[in-house]
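> All residue numbers for the sequence shown refer to the working numbering, where the first residue is 50 and numbers rise by one.
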Amino acid sequence: MNENIKNEEYTPDLINLTDDDGNEYNFEVLDRLDIDSGSYLALLPVYDDPKKMLDDSGELVIVKEEEENGEFFYSEIEDDDEYETVADAFSDRLADFYEIADE
Numbered sequence: 050m051n052e053n054i055k056n057e058e059y060t061p062d063l064i065n066l067t068d069d070d071g072n073e074y075n076f077e078v079l080d081r082l083d084i085d086s087g088s089y090l091a092l093l094p095v096y097d098d099p100k101k102m103l104d105d106s107g108e109l110v111i112v113k114e115e116e117e118n119g120e121f122f123y124s125e126i127e128d129d130d131e132y133e134t135v136a137d138a139f140s141d142r143l144a145d146f147y148e149i150a151d152e
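(1) Hey, would you say Val135 sits closer than 8 angstroms to Leu82, going by beta carbons?
(2) Can you give the Cα-Cα distance for Ile111 and Asn118, rounded to whole angstroms?
(3) Counting only runs of 3+ residues fully inside the region 106-147, write out the beta strand (DSSP E) ranges in chain order.
(4) Starting from Glu77, trace the beta strand (DSSP E) in both directions and tell me its first and last residue.
(5) Classify Leu63 as buried or exposed, calling it buried when 16 or more other Cβ atoms lie within 10 Å of its own Cβ.
(6) Below 8 angstroms between beta carbons: does that hold for Leu90 and Tyr123?
(7) Report yes if the CB atom of Gly71 is closer than 8 angstroms to the CB atom of Glu114, and no otherwise.
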């Protein structure tokens with residue numbers, strides 16, 4: 050066995066988001082993308098219940114990172130063109146690492 054190989058344990062980058070109704074959701078950050086229009090995160094829902102995970106659509110959640118008065122928050126991308134541009138960029142980047150089906 051090669052002594053130079055370290056046993057690295059994977060620890061996901063997890064974030065917790067709260068919607069306008071106060072519901073909390075957990076996500077794994079799969080990737081971060083900085084482009085001219087801003088900073089974005091590609092997220093995958095994380096579930097405590099394996100059944101909920103199986104029922105999930107498997108679609109990525111993409112949010113925009115914004116800053117206001119030194120505080121960072123995440124928001125929905127409301128502009129369809131901006132969303133398509135960012136989603137395409139993430140799909141291209143993540144296709145090398147994950148199996149993503151084109152729809």
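All residues carry an ideal CB built from backbone N, CA and C; glycine is no exception.
Judging by the given coordinates:
(1) Going by C-beta atoms, Val135 is nearer than 8 angstroms to Leu82.
(2) Going by the C-alpha atoms only, they are around 23 angstroms apart.
(3) Listed in chain order, the complete beta strand (DSSP E) runs (minimum 3 residues) inside the region 106-147 are 110-117 and 120-124.
(4) For Glu77, the enclosing beta strand (DSSP E) starts and ends at Glu73 to Ile84.
(5) Under this definition Leu63 is an exposed residue.
(6) Result yes, Cβ atoms of Leu90 and Tyr123 sit closer than 8 angstroms.
(7) No, these two residues do not count as a Cβ contact at 8 angstroms.
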